[in-house]
Amino acid sequence: MGIHMQSLHSESAFRNELTQAKYKDHLVVVDFSAAGCPPCQSMKPIVDDLAHSLGSEVEFLEIDVHDSVEVAQALGIDVVPVFQFWRNGRRVDTMVGANPAPLKELVAALK
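Taking the UniProt record's numbering, the leading residue of the sequence shown gets 1, the next gets one more, and so forth.
Set out below in structure tokens:
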């Protein structure tokens, strides 16, 4: 399947991706970040590495809260970075902050 990492800009696109992943029983990791956020940018290589190594098992979505205000507001995102973990259309966990080790551990535990 390869890498599945994409940027989303609307709530409908976000919900569509969750629905598609639900039918594949995939974990979806949603990275809420902002271009002007240094901690967010420090996590980008970590998320990219995870997407490359787990692209066939886990779907990664990137949402810039400034470009996708609708999605951020709908999900109550008020700080970045935030990582949400979804399976079967439901949020199963959330991690706040730029912490590579806990992110990797959560992805491994939930995939």
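Here a beta-carbon is modelled for each residue, glycine too, at the ideal position from N, C-alpha and C.
With a cutoff of 8 Å on beta-carbon distance, PHE14 and VAL96 are scored as not near each other. In the structure shown, the three-state DSSP call for VAL79 is coil.
If you draw a straight line from the Cα of SER7 to the Cα of GLY36, it comes to about 16 Å. The beta-carbon separation of ILE63 and ASP93, rounded to 17 Å, does not stay under the 8 Å limit for a contact. Along the length of the UniProt domain "Thioredoxin" (5-111), whole beta strand (DSSP E) runs at least 3 residues long occupy 5-7, 27-33, 58-64, 82-87, 90-96, reported in chain order. Separation of the CB atoms of ALA98 and PRO81 is rounded to 6 Å, and the pair is thereby assigned contact status at 8 Å.
Nearest to ASP78 by C-alpha distance, out of LYS24, ALA34, SER12, is ALA34.
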